[in-house]
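Colleague: The structure under discussion is supplied below as structure tokens; questions concerning it will follow.
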Ligand SMILES: Cc1cc2nc3c(=O)[nH]c(=O)nc-3n(C[C@H](O)[C@H](O)[C@H](O)COP(=O)(O)OP(=O)(O)OC[C@H]3O[C@@H](n4cnc5c(N)ncnc54)[C@H](O)[C@@H]3O)c2cc1C
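Residue numbers (my numbering): 1347 to 1728.
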């Protein structure tokens, strides 16, 4: 007879590892599953906002960024065509996703979480008292049962194709692209984020803790097809801006993502919670994805831990209300920025104005940098 686990968390990215750790610290029996073997790289700008860092500090994980040697970022260099502006940054850092995600999994394991990498998960049937999950592993297939499941499996989630999946890709959504270069041109210096805006997409370049150059981009899918490859689309934008081109062969990548901007329909159904990108996402220009993932994880942990003891519809209501209120403001700013980026003339004019008056960007930077807050004050288990 298969043992019924307390909680199964699908996906060991920032959302999954942190929610798993926070539930284990509250005494839950937690199994964390990921299809990948770690450390693994993923397409991401690798920039941690002050919001992300302050959430990690608040749960006693402030040492992680220091230990990994995260690089302090002091300048945001914007280019729209040949127009350039530099804005000052404070309290942002760059850190590779291989190192960060691996370290957070380790913190979860230290808190008592059981981690099973190399496990691709599919949602099975909902039975009385538990949810079934199907696992595909190198050694074969198996089934597990959990009183509560957390889907933290990123953009597509682990529940695609099931009745619980009603995620909607927003029309005109861009796709993500990424690669890592061992060295790359020295003009992309440590301590600066280069954001380069083109007509059909934008590219972010930053050096991570070991000096490698991380490149992440968001493009209209048609522009990538027209350019012939992700490398071609990125090369066009850099060349339009008069910036140095990248070497032909990356160390990692090029890799793409599914459509970026999507609404999940429901962030909760019976015995199933969604968090992080699996609960909906918008374009990443403002680099807020990890902050939402961390913030969501902290807000969900007490609700899901309580639900694993005895599931009630009140848990579903609490998470859907908390998530709705928490994600609303930050994602609205990101959607507005994403819209502006699709207007090439507006982007150029904005960058030109910022070149002369960088202080004008301060209110937006401050808003984006503040950690997203999920409304939990009213919840009895907060
Ligand atoms: C181009 C680009 C640039 C970005 N830049 C930044 C940035 O600079 N700063 C920032 O904060 N955010 C950025 N983001 C967003 C950020 O990467 C995400 O928001 C963040 O990774 C979300 O974390 P998550 O834990 O929800 O999902 P993920 O990090 O995607 O983790 C999901 C995990 O689930 C696993 N998984 C998936 N399906 C299954 C399955 N069926 N079974 C088992 N495991 C599964 C995957 O292997 C993965 O490890 C960027 C995103 C893109 C696309």
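Heads up, the beta-carbon is just placed ideally off N, CA and C, and yes, glycines get one too.
Sorted by chain position, which residues of the same chain lie with C-beta nearer than 7 Å to residue 1446's C-beta, five sequence neighbours on each side aside?
Modeller: Closer than 7 Å at the Cβ level, and outside the excluded window around residue 1446, lie 1414.
Colleague: Excluding the 5 residues flanking residue 1700 on each side, which residues of the same chain have their C-beta closer than 8 Å to its C-beta?
Modeller: Closer than 8 Å at Cβ, skipping near neighbours: 1424, 1431, 1433, 1706, 1707.
Colleague: Mind checking who residue 1431 pairs with in its DSSP beta bridge?
Modeller: Residue 1431 pairs with 1424.
Colleague: Run through the DSSP bridge pairs and tell me what residue 1516 is partnered with.
Modeller: Answer is none; residue 1516 lacks a bridge partner.
Colleague: With burial defined as no fewer than 16 other Cβ atoms inside 10 Å of the residue's Cβ, what is the status of residue 1491: buried or exposed?
Modeller: With 16 or more other Cβ atoms within 10 Å, it is buried.
Colleague: Residue 1652 lies in the alpha helix (DSSP H); which residues open and close that run?
Modeller: Note, residue 1652: alpha helix (DSSP H), 1635-1655.
Colleague: Excluding sequence positions up to five away, which residues of its chain have a Cβ less than 7 Å from the Cβ of residue 1599?
Modeller: Excluding positions up to five away in sequence, the list reads 1524, 1525, 1526.
Colleague: Between which two residues does the alpha helix (DSSP H) carrying residue 1482 extend?
Modeller: Note, residue 1482: premise wrong, no alpha helix (DSSP H); beta strand (DSSP E) at 1476-1483.
Colleague: Quick check: the stretch 1348-1361 against the stretch 1585-1605, are at least 3 beta-carbon pairs closer than 8 Å?
Modeller: Not touching, per the Cβ criterion.
Colleague: Just to confirm the assignment: which complete beta strand (DSSP E) runs, minimum length 3, are found wholly within the stretch 1355-1382?
Modeller: Entirely contained in the stretch 1355-1382, the beta strand (DSSP E) runs reaching 3 residues are, in chain order, 1376-1379.
Colleague: If you draw a straight line from the alpha carbon of residue 1587 to that of residue 1372, how long is it in whole angstroms?
Modeller: Their Cα atoms are separated by approximately 51 Å.
Colleague: If you reduce the DSSP assignment to three classes, tell me which class residue 1488 lands in.
Modeller: Residue state, collapsed to three classes: strand.
Colleague: So is residue 1693 buried or exposed if we call it buried at 16+ other beta carbons inside 10 Å?
Modeller: So residue 1693 ends up on the buried side.
Colleague: Is the beta carbon of residue 1636 within less than 6 Å of some heavy atom of ligand 1?
Modeller: Yes - ligand 1 has a heavy atom lying nearer than 6 Å to the Cβ of residue 1636.
Colleague: For residue 1467, name the three-state secondary structure that DSSP assigns.
Modeller: If DSSP states are grouped into helix, strand and coil, residue 1467 belongs with the strands.
Colleague: For the stretch 1544-1632, list the alpha helix (DSSP H) runs that are entirely contained and at least 4 residues long, ordered along the chain.
Modeller: DSSP runs (the alpha helix (DSSP H)) wholly in the stretch 1544-1632: 1567-1573, 1576-1586.
Colleague: What residue from 1570, 1584, 1381 has the CA that sits closest to residue 1461's CA?
Modeller: Minimum Cα distance to residue 1461 is reached at 1381.
Colleague: If we ignore side chains and look at the alpha-carbon of each, how far apart do residue 1552 and residue 1495 end up?
Modeller: One C-alpha to the other measures close to 35 Å.
Colleague: Check residue 1531 in the structure and name its three-state DSSP category.
Modeller: Three-state DSSP puts residue 1531 in coil, outside helix and strand.
Colleague: Assuming residue 1452 is part of the alpha helix (DSSP H), what are its boundary residues?
Modeller: Start and end: 1443-1456.
Colleague: Tell me which same chain residues have a C-beta within less than 6 Å of the C-beta of residue 1370, skipping the five on either side of it?
Modeller: So the qualifying residues of the chain are 1376, 1457, 1458, 1459.
Colleague: Pick out whichever of 1658, 1582, 1444, 1402 has its Cα sitting closest to the Cα of residue 1615.
Modeller: Of the candidates 1658, 1582, 1444, 1402, the one whose C-alpha sits nearest the C-alpha of residue 1615 is 1658.
Colleague: Note down the Cα distance separating residue 1721 from residue 1582, rounded to an integer number of angstroms.
Modeller: With a pLDDT of only 48 at residue 1721, under 50, the local geometry of the prediction cannot be trusted, and the value read off the model is given with reservation. Using only the alpha carbons, I get a separation of about 43 Å.
Colleague: What is the rounded straight-line gap between the Cα of residue 1604 and the Cα of residue 1505?
Modeller: C-alpha separation (whole angstroms): 15 Å.
Colleague: Is the closest heavy atom of ligand 1 to the C-beta of residue 1356 under 6 Å?
Modeller: Yes; taking the cut-off as 6 Å, the Cβ of residue 1356 has a heavy atom of ligand 1 nearer than that.
Colleague: Considering only residues of the same chain and omitting the five flanking positions on each side of residue 1541, which have a CB-CB separation below 6 Å?
Modeller: Taken in chain order, the residues that qualify are 1424, 1550.
Colleague: Using 7 Å as the threshold, is the C-beta distance between residue 1416 and residue 1439 below it?
Modeller: Contact: yes.
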